[in-house]
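Notes for the one structure printed next.
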Amino acid sequence: MIPLRDTNPTVIRPFVNWMIIAGAVSVFFMLQPQTEPAGTVFAFEWAAIPCELTTMDPLDIQELEKATCLSSDEAGSDLFPEKSVLLGVLVSMFLHGGLGHLIGNMWMLWIFGNNAEEAFGSGGYLLFYLLSGVAATAGYVLINPASTVPLVGASGAIAGVMGAYLVLFPRAQVVSLVPFFFFIPFNVPAGIYLIVWFAGQFAISGEAGQIAWEAHVVGFVFGVAVALLLRRRLLRRVARLQRLAVPRRIRRR
24 MIPLRDTNPT VIRPFVNWMI IAGAVSVFFM LQPQTEPAGT VFAFEWAAIP
74 CELTTMDPLD IQELEKATCL SSDEAGSDLF PEKSVLLGVL VSMFLHGGLG
124 HLIGNMWMLW IFGNNAEEAF GSGGYLLFYL LSGVAATAGY VLINPASTVP
174 LVGASGAIAG VMGAYLVLFP RAQVVSLVPF FFFIPFNVPA GIYLIVWFAG
224 QFAISGEAGQ IAWEAHVVGF VFGVAVALLL RRRLLRRVAR LQRLAVPRRI
274 RRR
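Okay, structure coming up:
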């Protein structure tokens with residue numbers, strides 16, 4: 024199912040969501056090299072790498088060649104000695120592996136992020152988004168502690184937003200293209216759409232290749248957990264904003 028939009032209007036202007044999208048797009052087109060090997064070198068220099076977060080040291084040449092973490096006795100010279108390992112966790116949320124990766128992630132954030140921002144408030148939403156990304160990265164590192172492959176993409180943080188949306192707005196409709204011999208638009212309940220999406224992460228695990236599906240799963244579960252914990256407060260905030268907006272016209276995007 025390819026989502027086109029939801030039918031869950033907001034009464035706020037989701038400036039933080041727009042800023043996150045603009046930031047990711049700007050980084051991709053203005054900072055990330057679009058040619059190889061410069062793009063790969065940039066990722067190793069700036070992105071989060073599980074091995075680095077496990078050892079809290081920048082990756083070294085021997086680890087890169089052997090594609091696994093090594094003990095301090097076996098370690099060689101660091102590739103990027105000045106690299107901030109923890110900063111890489113934040114930077115990774117704004118890096119993407121290609122134009123298709125960027126468009127897919129930002130489209131999902133455009134659809135689901137505005138309602139999450141309305142529920143959490145601008146500051147709360149920014150904090151929630153970043154913590155979702157951190158949780159997703161931490162989960163991936165716990166499962167793959169010796170990996171030397173850079174993690175790029177906002178998918179883990181966006182999965183957290185989607186998990187929160189599932190808890191808060193399960194009955195909202197997601198207009199999606201559904202394949203029936205050919206693609207036709209259908210209104211799919213958000214609860215069904217998001218559960219199918221979540222289950223799909225396990226379906227791709229066997230052939231994931233370079234897809235960090237574990238980060239998606241952990242980010243989604245984190246979003247569900249936070250939204251469940253704060254559900255009443257968040258829904259009260261949405262209801263209060265909508266009451267205050269009446270009889271003003273409800274903004275859709």
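If you read the sequence shown in this note's numbering, its first letter stands for residue 24, the second for the next number, and so on. In this text, a Cβ means the ideal position worked out from N, Cα and C, and glycines have one as well.
C-beta atoms of residue i and residue j nearer than 9 Å
i: ILE25; j: LEU200; result: yes
i: VAL197; j: VAL211; result: yes
i: PHE52; j: ALA158; result: no
i: ILE72; j: LEU153; result: no
i: PHE225; j: VAL241; result: no
i: GLY176; j: LEU118; result: yes
i: ALA250; j: GLY156; result: no
i: ILE181; j: LEU132; result: yes
i: ILE44; j: GLY123; result: no
i: ILE166; j: GLU237; result: yes
Neighbourhood of residue i by C-beta distance below 8 Å, restricted to the same chain and skipping five residues each side
i: GLU141; result: THR33, VAL34, ILE35, PRO37, ARG260, VAL261, LEU264
i: LEU258; result: ALA142, LEU191
i: ILE218; result: LEU189
Close Cβ partners of residue i (< 7 Å) along its chain, the five nearest in sequence each way excluded
i: LYS106; result: GLU68, PRO81
Straight-line Cα distance separating residue j from residue i
i: VAL48; j: ALA213; result: 26 Å
i: PHE243; j: LEU87; result: 30 Å
i: PHE103; j: ALA268; result: 52 Å
i: GLY121; j: VAL39; result: 23 Å
i: TRP130; j: ARG266; result: 29 Å
i: PHE221; j: ILE227; result: 11 Å
i: ILE84; j: VAL114; result: 22 Å
i: PHE65; j: PRO56; result: 7 Å
i: GLY62; j: GLY223; result: 29 Å
i: ILE126; j: MET42; result: 15 Å
Residue i, DSSP secondary structure in three states
i: ASN210; result: strand
i: ALA195; result: coil
i: PRO73; result: helix
i: ARG36; result: coil
i: LEU253; result: helix
i: ILE25; result: strand
i: VAL201; result: strand
i: LEU149; result: helix
i: LEU267; result: helix
i: LEU217; result: helix
i: LEU82; result: coil
i: LEU109; result: coil
i: LEU174; result: strand
Reference residue i; option with closest CA among the options
i: ASN31; options: CYS92, ALA139, GLY62, GLY123; result: ALA139
i: ARG194; options: GLY123, GLY46, TYR216; result: TYR216
i: VAL108; options: ASN40, THR160, VAL219; result: THR160
i: GLN233; options: SER170, ALA61, GLY111; result: SER170
i: THR78; options: CYS92, GLN85, ALA66; result: CYS92
i: LYS89; options: ILE218, VAL172, ALA222, LEU76; result: VAL172
i: LEU110; options: ASP101, ALA70, GLY179, SER100; result: ALA70
i: ARG256; options: ILE218, PRO202, GLY147; result: GLY147
i: GLY46; options: ARG254, ASP101, MET116, VAL247; result: MET116
i: SER178; options: PRO202, ALA235, LEU149, SER145; result: ALA235
Cβ neighbours of residue i in the same chain (closer than 6 Å, five flanking residues each side left out)
i: PHE151; result: PHE143
i: ASP29; result: ILE134, ALA195, VAL197
is_contact[residue i, chain C] using C-beta, thresh 9 Å
i: PRO81; result: The structure shown has no chain C; it contains just one protein chain.
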